[in-house]
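Colleague: For the sequence shown, the residue numbers in the numbering used here are 22 to 409.
Heads up, the beta-carbon is just placed ideally off N, CA and C, and yes, glycines get one too.
Below is a structure I'd like to ask you about.
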Amino acid sequence: TQYTGEGPIPGYIRRLSQRSSSLAELFESLRQVPQFPSREALIFGACYGYLINDTEPVISNDWKNCSGCSILLEPDQQVRVAACKLDHHWCKLCFSERFDTNADSEGFATCPGENCHAQASRRDMELGQTEPDVILATMRSRIFAYMHEHFNGWKNCYAESCCGGSSKIIDETYFVCVLCGAFNALEGAELNIHSDPRIQRALTLLYKSAASNSQHLEHFFPFEGCSLLFADKHGNPDVSKLRSKAEGLPVDMNNREVGDDHQIYSLLRYIIETQSTSFRVLDRIPNCILNHISGSQVHKQTLEQYEIYQVQSEQEKEIYFQQAKAEHGSYYAWHGSSPCNWHNILRTGLQVMSGSKYQRNGAAYGEGIYVSPDFGLAMSYSRHYNGT
Numbered sequence: 022t023q024y025t026g027e028g029p030i031p032g033y034i035r036r037l038s039q040r041s042s043s044l045a046e047l048f049e050s051l052r053q054v055p056q057f058p059s060r061e062a063l064i065f066g067a068c069y070g071y072l073i074n075d076t077e078p079v080i081s082n083d084w085k086n087c088s089g090c091s092i093l094l095e096p097d098q099q100v101r102v103a104a105c106k107l108d109h110h111w112c113k114l115c116f117s118e119r120f121d122t123n124a125d126s127e128g129f130a131t132c133p134g135e136n137c138h139a140q141a142s143r144r145d146m147e148l149g150q151t152e153p154d155v156i157l158a159t160m161r162s163r164i165f166a167y168m169h170e171h172f173n174g175w176k177n178c179y180a181e182s183c184c185g186g187s188s189k190i191i192d193e194t195y196f197v198c199v200l201c202g203a204f205n206a207l208e209g210a211e212l213n214i215h216s217d218p219r220i221q222r223a224l225t226l227l228y229k230s231a232a233s234n235s236q237h238l239e240h241f242f243p244f245e246g247c248s249l250l251f252a253d254k255h256g257n258p259d260v261s262k263l264r265s266k267a268e269g270l271p272v273d274m275n276n277r278e279v280g281d282d283h284q285i286y287s288l289l290r291y292i293i294e295t296q297s298t299s300f301r302v303l304d305r306i307p308n309c310i311l312n313h314i315s316g317s318q319v320h321k322q323t324l325e326q327y328e329i330y331q332v333q334s335e336q337e338k339e340i341y342f343q344q345a346k347a348e349h350g351s352y353y354a355w356h357g358s359s360p361c362n363w364h365n366i367l368r369t370g371l372q373v374m375s376g377s378k379y380q381r382n383g384a385a386y387g388e389g390i391y392v393s394p395d396f397g398l399a400m401s402y403s404r405h406y407n408g409t
């Protein structure tokens, strides 16, 4: 979407800051704001404007025209003096040209706008001429300082594009940012995310395969929790950053410490804790499966090469299945698919992909989900992970 003038989303964020009755309400509202250009600057400005009332330069929440050359400015391109009541916003060049460097005896200078007498210290006025990234960092540090002063035990979020955090520590090992939802590990926290390391290992391997091989961002990008940790400076998904971290995900995490790699910790939390299905490792092949394959070309020894898990969907889906089974009966069948697909399959279930951009194989019998009573046939549609 192309935004002109103030635009609907910038104005909406400004109103969130003005109308929120509490900081918690503001954070909750800002979490719902979708990605768009300048989102980071706008959210920083909304938090800064809600918490801090001073005379230092800040970034506006709105699109404005430069008071000097009239060029339309995005929020992170503007500079101004916060004490200015005449709504003077400047591009960097005009601000530099018009800034009155002759500070008074007390070290204060005035806004360069016409008929404006708003004042700020020379240091604060000069801050307005710095790069937007520096201003954002300054705003972030001041927001953090305020939160530490007013909320006991406050911890800052480690996402560079976030100014949130939390004072609620979970299991003495991590906290969840109230603004962006990212998981943040406390220093020295041990990676003990799942009670069964075999399940943790399997889910991690499947995610690594998805991140490395899937061509569809929605199948592996962590939109549900820690997306800001893997976003570029505009808040858009940075796939190369995510894949770099995914490659380094530890598979065997026993007694491993996180250290300061909060992206790794958040990614592991996302992989394990946002998984809605339940898992149980089976130490032996269930009799129902053995009875099903008896007399076929599949031998028990063949299946014993593989790890076997019992997977159950959330309760509502399971109840629906049991009701349909009671009415129509059921049968056992196999579905084979590349490992890079299973991270998404385990979250959403098998979906009809025929005729869509996600279709990977032919549809000889029409649209539908393809299964087979033949284990070997299904296995031919599965690409083994790392040759095993």
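1. Do three or more CB pairs link the segment 323 to 336 to the segment 294 to 303 at distances below 8 Å?
2. DSSP state of I92, grouped into three classes?
3. If you draw a straight line from the alpha carbon of G134 to that of D282, how long is it in whole angstroms?
4. What residues match up with I191 in a beta bridge as DSSP calls it?
5. What separation, rounded to the nearest whole angstrom, lies between the Cα atoms of L398 and A384?
6. Opposite Y386 in the DSSP bridges: which residues?
7. Taking the alpha-carbon of G357 as reference, which of P394, G89, Y402 and N365 has the nearest alpha-carbon?
8. Does DSSP put I329 in a helix, a strand or coil?
9. For L226 versus H364, is the C-beta distance shorter than 7 Å?
10. Let me know if G185 comes out buried or exposed under the rule of 16 or more other beta-carbons within 10 Å of its beta-carbon.
11. Could you tell me the alpha carbon to alpha carbon distance between Y327 and R163, rounded to whole angstroms?
12. Touch check for the segment 255 to 270 and the segment 166 to 181: three-plus C-beta pairs under 8 Å?
13. Mapping DSSP to helix, strand and coil, what is N365?
14. Roughly how many whole angstroms lie between the Cα atoms of L44 and G66?
15. Check the C-beta distance from V272 over to R305 and give it rounded, since I have them as a contact under 8 Å.
16. On a CA-only basis, which of L249, S235 and Y341 is nearest G202? Give me that one, please.
17. Helix, strand or coil for F165? Go by DSSP, reduced to three states.
18. Please classify G70: is it buried, with 16 or more other beta-carbons within 10 angstroms of its beta-carbon, or exposed?
19. Can you tell me where the beta strand (DSSP E) holding F204 begins and where it ends?
20. Contact defined as beta carbons within less than 8 Å: I believe H240 pairs with A231. What is the distance between those atoms, to the nearest angstrom?
21. Is S86 helix, strand or coil by DSSP?
22. I'd like to confirm the pairing. Which residues does DSSP put opposite G186 in its beta bridges?
23. For L94, collect the residues of the same chain with a Cβ closer than 8 Å to its Cβ; drop the 5 residues on either side in sequence, then sort them by chain order.
Modeller: To lay it out plainly:
1. With the rule of 3 Cβ pairs closer than 8 Å, the segment 323 to 336 counts as touching the segment 294 to 303.
2. coil
3. 46 Å
4. Y195
5. If you take the alpha carbons of L398 and A384, they lie about 15 Å apart.
6. BP columns for Y386 are empty, so no partner.
7. Y402
8. Taken through DSSP and simplified to helix, strand or coil, I329 comes out as strand.
9. no
10. buried
11. 54 Å
12. no
13. helix
14. 14 Å
15. The pair is not a contact, with the Cβ atoms about 24 Å apart (cut-off 8 Å).
16. Nearest option by C-alpha distance: L249.
17. helix
18. The residue is buried, with at least 16 neighbouring Cβ atoms inside 10 Å.
19. F204 to A206
20. 6 Å
21. The sequence given here has Asn at residue 86, not Ser. Correct three-state label for N86: strand.
22. DSSP lists N177 as partners of G186.
23. W84, K85, N86, C87, H110 and C112
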